[in-house]
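> Supplied in structure tokens, the structure appears directly below.
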Amino acid sequence: MFQMMAMAARYLYPVLLLLFTALGYYLYLAKPSASICRDFYVYQAVFIILFNIVSFILIFLKMWDQRPSDGSGWIDMGRVVTMGIYAAEMIVMYILICTVHRLTNRLLWNCVFMLLSVSFIMMIRLDVEEARRHVVWIAVGFLACNIVLLIFRGRWLWKIPAFVFALLSIGLILLPFVFPSEANGALNWVDIYGISFQPSEFVKLTFAFFLAVLYTKEKKVTTVAEAAIVTAFLALVLLKQNDLGALLIFGILAWMMTYDYTGWNFVLWGGALLVLVAGFAAYRLVSHVRVRFDIWLNPWEDVNGAGYQIAQSLFAIVGGGLFGMGLYQGTPGYIPIRTSDMIFAVVAEEMGTVVCILILFVYLLMFLFVMETGRRERNTFRRNLLIAFGVLFMSQTFIIVGGVIKLIPLTGVTLPFISYGGSSLFENFVTIAIIEAVIRLYRLDREEARKREREKRAKAHLEAFRFDDPF
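Quick look at the structure:
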């Protein structure tokens, strides 16, 4: 029974994701009426629910398939409770979005829920203990979303000066030198009284705010110089910490934001040249970079050593084919760091290349929506912030997916909303909450503008019919 359902799910997953994604792009491109949007949001939610139901059925059938010979005690209550908590979290957050946070955009939330669904199913398939911790972080992330959405209703938060965010970025990035917790060869973890996290994940937020506020000023060379000084300092610290993924993300963000601010073509081409020069210098001077680059060029030279990780990733992707081997049918145990950095390869092996491509289209939809919202935003600070978060989101996705499929050298970056990782997941949730807070403010401003326009027309109408009574 399990084998039949697993084979059927190989085709159900891509169909559900295709329908979900198609509706999302229709909403983004066609921009139908509000009533149609509400109906389509519900349809998307149905596809998310069906995706989870199919997965839950497979998990129960797998437990039944592995039952003891006497048939007793086949239900893993720990696994079932974890699934129940996850489902409850999703339902509660969806209700809050439809009620308390109804002015936010449900298309963006639906994309997050779909990515979280893929993430949870992969986690509980790979490691039940990590799935439990993952569910806890999802709960923390949802709580953070609600807090951020409530806090960012205050207009004073949008008046904090740029130097405050610069100091926060510098302070956070230096924390690993004060409370070190070296992991995976990179000194980018902090351990404070048993609580471990990556400060660079939170620096993404503060650095994005710094650039967004700074670039509200008039176009001056001194403003660009300020951004360059802070960026260079962060880059040097990250290089010292061997956090090449964060270094690349921050560099791309500063590059794109500076180009958007100045509109100077030489910033675009000069930035590309600077990346090449910096990459060559890092290759020559930093052994860690040189090893990563050599592995990227030829992982087969040391397939059981330095090239093992990328080689196993490629084996998994090729082995999965178009529609995957089926849930629980692959061999993800051979893939190192499979729940975080390399989870895209696990999804490709068990759900297939088609599902992976559709997931990338979901990321692209989120990016396009955020960037278009930023284009419509009249407030310069909020516009800059949306563009910064859009660039952060897409660059992080491109870097890790490109590394997993050997398009670019592999760096230690997580896949947003899918990879396991408390710091990363928390930062992703806060980012989405801030984006949704900006969208809410944009809608409120638009409603206020419409209200003022109606009042202006009504006043003009009354003035046109006003006359003095001659009697």
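Numbered according to numbering that gives the first Met the number 0, the sequence shown spans residues 0 to 470.
C-beta atoms are modelled at their ideal positions from N, C-alpha and C, and glycine is treated no differently.
Please read these numbers as outputs of a predicted model, since none were measured by experiment.
1. What whole-angstrom Cβ distance do Ile398 and Gly278 have, given they're in contact under 8 Å?
2. My guess is that Val390 and Ile434 are in contact by the Cβ rule of under 8 Å, so how many angstroms apart are they, rounded?
3. Flag this pair as yes or no: are the beta carbons of Leu313 and Val353 separated by less than 8 Å?
4. Under 6 Å Cβ to Cβ from Trp295, same chain only, skipping five residues before and after it: list those, please.
5. Measuring straight from C-alpha to C-alpha, what distance separates Cys36 and Ala29?
6. Applying the criterion that 16 or more other CB atoms from any shown protein chain within 10 Å of the CB defines a buried residue, is Phe388 buried or exposed?
7. I believe Met6 touches Gly323 by the beta-carbon criterion, under 8 Å. Please report the beta-carbon distance rounded to the nearest angstrom.
8. Please classify Pro335: is it buried, with 16 or more other beta-carbons within 10 angstroms of its beta-carbon, or exposed?
9. Given a threshold of 16 other Cβ atoms within 10 Å of its Cβ, counted over all protein chains shown, does Lys203 qualify as buried or as exposed?
10. For the alpha helix (DSSP H) containing Asp259, list its first residue and its last residue.
11. Between the Cα of Ile438 and those of Met256, Glu371 and Arg456, spot the shortest distance and give me the residue it belongs to.
12. Could you please give the first and the last residue of the uninterrupted beta strand (DSSP E) stretch that includes Phe388?
13. From Met113 to Thr20, what does the alpha carbon distance come to, in whole angstroms?
14. From Lys61 to Met0, what does the alpha carbon distance come to, in whole angstroms?
15. With burial defined as no fewer than 16 other Cβ atoms inside 10 Å of the residue's Cβ, what is the status of Met82: buried or exposed?
16. Provide the residue span of the alpha helix (DSSP H) that contains Ile431, from first to last.
17. Using 7 Å as the cut-off, classify the Cβ of Pro335 as near or not near the heavy atoms of the ligand MN, replying yes or no.
18. Report yes if the C-beta distance between Val117 and Val302 is below 8 Å; otherwise report no.
19. Starting from Phe112, trace the beta strand (DSSP E) in both directions and tell me its first and last residue.
20. Determine the contact status of Ala87 and Phe425, defining contact as a CB-CB distance below 8 Å.
21. With DSSP run on the structure shown, which of helix, strand or coil describes Phe196?
22. For Gly77, which option in Thr103, Arg132 and Trp108 has the closest C-alpha, if you only look at C-alpha atoms?
23. Is it buried or exposed for Arg381, if we count other Cβ within 10 angstroms and need 16 for buried?
24. For Leu273, count neighbouring C-beta atoms within 10 Å of its own C-beta (all shown protein chains included) and say buried if the count is 16 or more, exposed if not.
25. Taking Tyr27 as the reference, give the member of Asp75, Trp63, Leu57 and Arg105 with the closest Cα.
26. Please state whether the Cβ-Cβ distance between Thr109 and Ala33 is less than 8 Å.
27. Go ahead and label Asp38 buried or exposed: buried means 16 or more other beta carbons lie within 10 angstroms of its beta carbon, across all protein chains shown.
28. Would you call the CB atoms of Phe209 and Phe164 closer than 8 Å?
29. In or out: Gly262 buried (at least 16 other Cβ within 10 Å) or exposed?
30. So the beta strand (DSSP E) Val189 belongs to, where does it begin and stop?
31. Which same chain residues end up closer than 6 Å to Ser394 when comparing Cβ atoms and leaving out the 5 residues on each side of it in sequence?
32. Between the Cα of Tyr419 and the Cα atoms of Arg124, Cys97 and Gly170, which residue gives the shortest distance?
33. In terms of alpha-carbon separation, which member of Tyr260, Ala234, Val139 and Gln311 lies closest to Gly332?
34. Under three-state DSSP, which class holds Pro408?
35. Where does the unbroken alpha helix (DSSP H) through Val99 begin, and where does it stop?
36. Can we say the segment 444–460 touches the segment 215–233, given the rule of at least three CB pairs closer than 8 Å?
Answer, in terms of the structure:
1. Within the sequence shown, numbered from 1, the residue matching residue 398 stands at position 399. Within the sequence shown, numbered from 1, the residue matching residue 278 stands at position 279. Rounded, the Cβ-Cβ distance is 13 Å, inconsistent with contact.
2. Translated into positions along the sequence shown, residue 390 becomes position 391. Translated into positions along the sequence shown, residue 434 becomes position 435. Not confirmed; about 12 Å, so no contact.
3. As a position in the sequence shown, residue 313 is number 314, starting the count at 1. As a position in the sequence shown, residue 353 is number 354, starting the count at 1. No.
4. Residue mapping note: residue 295 aligns to position 296 of the sequence shown, counting from 1. Closer than 6 Å at the Cβ level, and outside the excluded window around Trp295, lie Pro408.
5. Your numbering for residue 36 matches position 37 in the sequence shown. Your numbering for residue 29 matches position 30 in the sequence shown. About 10 Å.
6. Locating residue 388 in the sequence shown gives position 389, where the first residue counts as 1. So Phe388 counts as buried.
7. For the purposes of this step, residue 6 is taken as residue 7 along the sequence shown, with counting starting at 1. For the purposes of this step, residue 323 is taken as residue 324 along the sequence shown, with counting starting at 1. Between Gly323 and Met6 the Cβ distance is about 10 Å, and since that is not below 8 Å, they are no contact.
8. Counted from its first residue, the sequence shown places residue 335 at position 336. The residue in question, Pro335, is exposed, as its Cβ has fewer than 16 Cβ neighbours within 10 Å.
9. One-based indexing of the sequence shown puts residue 203 at position 204. When all chains shown are included, Lys203 counts as buried.
10. Within the sequence shown, numbered from 1, the residue matching residue 259 stands at position 260. Note, Asp259: alpha helix (DSSP H), Leu243 to Thr261.
11. For the purposes of this step, residue 438 is taken as the residue at position 439 of the sequence shown. Of the candidates Met256, Glu371 and Arg456, the one whose C-alpha sits nearest the C-alpha of Ile438 is Glu371.
12. Translated into the one-based positions of the sequence shown, residue 388 becomes position 389. No beta strand (DSSP E) holds Phe388; the alpha helix (DSSP H) holding it covers Thr379 to Val403.
13. Here the question's residue 113 lines up with position 114 in the sequence shown. Here the question's residue 20 lines up with position 21 in the sequence shown. Rounded to whole angstroms, Met113 to Thr20 spans 10 Å at the Cα level.
14. In the sequence shown, the residue the question calls residue 61 occupies position 62. In the sequence shown, the residue the question calls residue 0 occupies position 1. Distance between the alpha carbons of Lys61 and Met0: 9 Å.
15. On the sequence shown, position 83 is the one that residue 82 refers to. Result: buried.
16. For the purposes of this step, residue 431 is taken as residue 432 along the sequence shown, with counting starting at 1. Gly421 to Ala463 is the extent of the alpha helix (DSSP H) around Ile431.
17. Annotation note on the ligand MN: not contained in the displayed structure, which lists no ligands.
18. Here the question's residue 117 lines up with position 118 in the sequence shown. Here the question's residue 302 lines up with position 303 in the sequence shown. No.
19. Counting from one through the sequence shown, the residue named residue 112 turns up at place 113. First-last for Phe112: Arg105 to Leu125, but that is the alpha helix (DSSP H), not the beta strand (DSSP E).
20. For the purposes of this step, residue 87 is identified with residue 88 of the sequence shown, where counting begins at 1. For the purposes of this step, residue 425 is identified with residue 426 of the sequence shown, where counting begins at 1. No, Cβ-Cβ distance for Ala87 and Phe425 is not below 8 Å.
21. Locating residue 196 in the sequence shown gives position 197, where the first residue counts as 1. Phe196: strand per DSSP, three-state reduction.
22. Start at 1 with the first residue of the sequence shown, and residue 77 comes out as number 78. The shortest C-alpha separation from Gly77 is found at Arg132.
23. Numbered from its first residue, the sequence shown carries residue 381 at position 382. Buried is the call here.
24. The residue given as residue 273 occupies position 274 in the sequence shown. Counting Cβ neighbours within 10 Å, Leu273 comes out exposed, since fewer than 16 surround it.
25. As a first step, residue 27 must be located in the sequence shown, where it is residue number 28. Of the candidates Asp75, Trp63, Leu57 and Arg105, the one whose C-alpha sits nearest the C-alpha of Tyr27 is Arg105.
26. Start at 1 with the first residue of the sequence shown, and residue 109 comes out as number 110. Start at 1 with the first residue of the sequence shown, and residue 33 comes out as number 34. Sequence check: residue 109 is Asn here, not Thr. It is not a contact, given that the beta carbons lie outside the stated cut-off.
27. As a working mapping, residue 38 is identified with position 39 in the sequence shown. Asp38 should be labelled exposed.
28. By 1-based counting over the sequence shown, the position of residue 209 is 210. By 1-based counting over the sequence shown, the position of residue 164 is 165. Cβ atoms of Phe209 and Phe164: closer than 8 Å.
29. Sequence index remark: in the sequence shown, residue 262 carries index 263 (1-based). So Gly262 counts as exposed.
30. By 1-based counting over the sequence shown, the position of residue 189 is 190. It spans Val189 to Ile191 - the beta strand (DSSP E) in which Val189 sits, taken as one unbroken run.
31. By one-based count along the sequence shown, residue 394 stands at place 395. Around Ser394: Ile248 and Ile251.
32. Position 420 of the sequence shown holds residue 419. Looking at the Cα atoms, Arg124 is the closest of the given residues.
33. For this step, residue 332 is matched to residue 333 along the sequence shown. Comparing Cα-Cα distances from Gly332 to each of Tyr260, Ala234, Val139 and Gln311, the minimum goes to Gln311.
34. As a working note, residue 408 is residue 409 in the sequence shown. Three-state result, Pro408: coil.
35. Position 100 of the sequence shown, counted from the start, is the residue given in the question as residue 99. It is not in any alpha helix (DSSP H) - Val99 carries neither H nor E in the DSSP assignment.
36. no
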